[in-house]
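K.L.:
Anchor point for the sequence shown: position 317 equals 602 in our numbering, and the numbering is continuous, going up by one each time. The beta carbon of each residue, even a glycine, is placed where N, CA and C say it ideally should be.
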Amino acid sequence: MTETVSNSAKQDLLTAGDISDRQLDTMMSRMMSREIDRGELFFQCRRNESWALEQGIVKSAGFSVSRGIGARAISGEKSGFAYADDIQLDVLEQTSSAARSIARVGSSQNTNVPVKRQIPQFYEGIDPIVSISKDEKVKLLSRIDKFARSLDPRVKEVSVSINANHESTYIYSSDGTDHGDVRPLVRFGVSVVVEQNGRRENGNCGGGGRHDLSWLYENETAEKFAREAVRQALVNLDAVDAPAGPMPVVLGPGWPGVLLHEAVGHGLEGDFNRKGTSTFSNRIGERVASPLCTIVDDATIPNRRGSLTIDDEGTPGQRTVLIENGVLKGYMQDKMNATLMGVTSTGNGRRESYAHQPLPRMTNTFMLAGNSDPEEIVKSVERGVFAKTFGGGQVDITSGQFVFSATEAYLIENGKITVPVKGATLIGNGPEIMTRVSMVGNDLELDLGVGVCGKEGQGVPVGVGQPTLKIDQITVGGTQA
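In structure tokens form, the structure reads like this:
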């Protein structure tokens, strides 16, 4: 990240509250004492604009601004946290004092050693809200609505949405962290309902990332999302009941990586492993997956939804190898859990807003490509299921058990993808399933940029991805015995 962007975020936030660098230093000194290991001040301003079209008209449009301070004092495993929805000197004094009072139990002391370094920037510090005018946004919504309806007479309902977000953050910590960031984020979505002979099905598609809204006009991107949503819905009109029972499953590239995110990714976050509640706890160096599997978390991919120039503790975004050739290499860490585990932060300290404490969270998490041809993977299956797109899912971190529903799936019969199926759910154990990966495709894809990850009530933008891969056996929950 260039110092220009970092300093711009810092000055915008501190100037708004008429807070000087000297006052910031004084506040941090007051927070620190023999009882406090580390003090942290997090400043944030977020502006968000949203538009939604339904039934051919713009049904809603909204604009919001939130700004505030989060103060945290850490003492061993205990942290004191306080926040306020304003950025002013007196507010800063109150929140920092409250955080220190809550955490005052420890015994060690930290020294402030200023660290100045150049940090690579993985997106531009732009404001996507003003990248196209309000009139252009309304025209775009209407155009895509008409376009989707024109694709097939069976399209009965269309919903189109635009969301643009501009966020400035600044982190000042007793460990020498003094960094700011400006983060753009956009998301566009199309949802349709089709009807045939009284049967109604839906489909949806969208994308986004850390860039502006002009991307929607490039190569008919918005139209491609609409076309894909309609295609998916029409496929579901012809879907038959999914089979049930243990069988081979082939996962398509891209968004199906959300299964890895839930079934494996959360179990590799530092807090669960420090507490010993993850099925991956104390297993560094052990084989936890097929030798064909290498999984990384990468915040450094330019303009991706989950990418971070710095995380919400000021640590530079990084690429972290979690599993390499089936062997567990490490966990995703924030500063607190990393310190308690005797390692360093991997830049995965993330928070929903200034009103939340950071937690170790994923950024862009995906499996690397293998050597198999995707067509050969399908040909290797005599009878099974090909899952192209997933909806929601649940996972138990302690046991690794998960349940996922497929929104678009097909039967595989005699090595060929045949009829679409509905009601297919995948049920299994994350670590166990990873050992059953027998083929990994050479077609790695990342998702289109719509992922939101939830943890302890906090939602943050993330990315997922994977190549086509074959799981030799997984339980499919369907309606056909």
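Compute the distance between the beta-carbons of residue 718 and residue 548, then report whether it is under 8 Å.
P.N.:
What you label residue 718 is simply residue 433 of the sequence shown in a count that begins at 1. What you label residue 548 is simply residue 263 of the sequence shown in a count that begins at 1. Contact flag set, yes.
K.L.:
Return the CA-CA distance between residue 758 and residue 701, expressed in angstroms with no decimal places.
P.N.:
On the sequence shown, position 473 is the one that residue 758 refers to. On the sequence shown, position 416 is the one that residue 701 refers to. Residue 758 and residue 701: Cα-Cα distance of roughly 18 Å.
K.L.:
Is the CB-CB distance between residue 716 and residue 685 below 8 Å?
P.N.:
Position 431 of the sequence shown, counting from 1, holds the residue named residue 716. Position 400 of the sequence shown, counting from 1, holds the residue named residue 685. Yes.
K.L.:
I need the boundaries of the alpha helix (DSSP H) containing residue 466, first residue and last residue.
P.N.:
Position 181 of the sequence shown holds residue 466. Looking at the DSSP string, residue 466 is not in any alpha helix (DSSP H); the run it does join, the beta strand (DSSP E), is 463-481.
K.L.:
If you run the structure through DSSP and keep just helix, strand and coil, what is residue 574?
P.N.:
The residue you call residue 574 lines up with position 289 of the sequence shown. Note: residue 574 maps to coil in three-state DSSP.
K.L.:
Distance check for residue 677 and residue 522, CA to CA, integer angstroms please.
P.N.:
For this step, residue 522 is matched to residue 237 along the sequence shown. For this step, residue 677 is matched to residue 392 along the sequence shown. About 20 Å.
K.L.:
Take residue 282 as the anchor and find which of 653, 527 and 744 has the nearest alpha-carbon.
P.N.:
The question about residue 282 has no answer here: the residues shown for the chain are numbered 286 through 766.
K.L.:
Could you check whether residue 563 and residue 720 sit closer than 8 Å to each other, using their CB atoms as the reference points?
P.N.:
On the sequence shown, position 435 is the one that residue 720 refers to. On the sequence shown, position 278 is the one that residue 563 refers to. Their beta carbons are not under 8 Å apart, which means residue 720 does not touch residue 563 by this criterion.
K.L.:
Report all residues from its chain with a CB closer than 7 Å to the CB of residue 634; omit the five preceding and five following residues, and keep chain order.
P.N.:
Here residue 634 refers to the residue found at position 349 of the sequence shown. The answer, listed in chain order, is 596, 597, 598, 600, 619, 620, 643 and 645.
K.L.:
Please work out which residues of its chain come closer than 6 Å, Cβ to Cβ, to residue 631, disregarding the five sequence neighbours upstream and downstream, and give them in chain order.
P.N.:
For this step, residue 631 is matched to residue 346 along the sequence shown. Excluding sequence neighbours, residue 631 sits near 603, 605, 617 and 618.
K.L.:
Is residue 751 near residue 545, with beta carbons less than 8 Å apart?
P.N.:
Counting from 1 along the sequence shown, the entry for residue 751 is found at position 466. Counting from 1 along the sequence shown, the entry for residue 545 is found at position 260. Contact flag set, yes.
K.L.:
Is residue 518 near the ligand MG, judged by its Cβ being under 7 Å from some heavy atom?
P.N.:
This structure simply doesn't include the ligand MG, nor any ligand for that matter.
K.L.:
Put residue 698 into one of helix, strand or coil per three-state DSSP.
P.N.:
Locating residue 698 in the sequence shown gives position 413, where the first residue counts as 1. The answer is strand: DSSP assigns residue 698 an E or B state.
K.L.:
What is the DSSP secondary structure of residue 391, counted as helix, strand or coil?
P.N.:
Counting from 1 along the sequence shown, the entry for residue 391 is found at position 106. A caution first: residue 391 carries a pLDDT of 44, below 50, which makes its placement in the model too unreliable to give a value.
K.L.:
May I have the straight-line CA-CA distance separating residue 457 from residue 658, to the nearest angstrom?
P.N.:
For the purposes of this step, residue 457 is identified with residue 172 of the sequence shown, where counting begins at 1. For the purposes of this step, residue 658 is identified with residue 373 of the sequence shown, where counting begins at 1. Looking at the two C-alpha atoms, the distance is approximately 49 Å.
K.L.:
Exposed or buried, which one is residue 307 when buried takes at least 16 other CB atoms within 10 Å?
P.N.:
Indexing the sequence shown from 1 puts residue 307 at position 22. The residue is exposed, with fewer than 16 neighbouring Cβ atoms inside 10 Å.
K.L.:
Between the alpha carbons of residue 439 and residue 462, how many angstroms are there, rounded?
P.N.:
Position 154 of the sequence shown, counted from the start, is the residue given in the question as residue 439. Position 177 of the sequence shown, counted from the start, is the residue given in the question as residue 462. Going from the Cα of residue 439 to the Cα of residue 462 covers about 57 Å.
K.L.:
In chain order, what residues of the same chain lie with their CB nearer than 6 Å to the CB of residue 395, ignoring the 5 residues before and after it?
P.N.:
The count along the sequence shown starts at 1 and reaches residue 395 at position 110. Caution is warranted here: a pLDDT of 38 is assigned to residue 395, below 50, making its placement in the model unreliable, and no coordinate value can be reported.
K.L.:
Hey, residue 637 and residue 743 are a contact pair by Cβ (cut 8 Å); roughly how many whole angstroms apart?
P.N.:
Here residue 637 corresponds to residue number 352 of the sequence shown, with the count starting at 1. Here residue 743 corresponds to residue number 458 of the sequence shown, with the count starting at 1. Residue 637 to residue 743, Cβ: 4 Å. Contact.
K.L.:
Looking at the structure shown, is residue 584 part of a helix, part of a strand, or coil, going by DSSP?
P.N.:
Position 299 of the sequence shown holds residue 584. Coil at residue 584, not helix or strand.
K.L.:
In chain order, what residues of the same chain lie with their CB nearer than 7 Å to the CB of residue 592, ignoring the 5 residues before and after it?
P.N.:
Translated into positions along the sequence shown, residue 592 becomes position 307. Contacts found: 407, 408, 495, 584, 585, 586, 602, 648 and 649.
K.L.:
Closer than 8 Å is the cut-off here; do at least three beta carbon pairs connect the stretch 409-424 with the stretch 467-474?
P.N.:
Counting Cβ pairs under 8 Å, three or more are found: they touch.
K.L.:
In the DSSP assignment, what residue or residues form a beta bridge with residue 612?
P.N.:
On the sequence shown, residue 612 is found 327 positions in, with the first residue counted as 1. Note: residue 612 sits in a beta bridge opposite 572 and 609.
K.L.:
Count the CB pairs spanning the stretch 425-445 and the stretch 372-392 that are closer than 8 Å, and state whether there are at least three.
P.N.:
The stretch 425-445 is not in contact with the stretch 372-392.
K.L.:
From what residue to what residue does the beta strand (DSSP E) around residue 452 run?
P.N.:
Position 167 of the sequence shown, counted from the first residue, corresponds to residue 452. Counting along the chain, the beta strand (DSSP E) containing residue 452 begins and ends at 440-458.
K.L.:
Exposed or buried, residue 370, counting other C-beta atoms within 10 Å across all chains shown (16 or more means buried)?
P.N.:
Your numbering for residue 370 matches position 85 in the sequence shown. Result: exposed.
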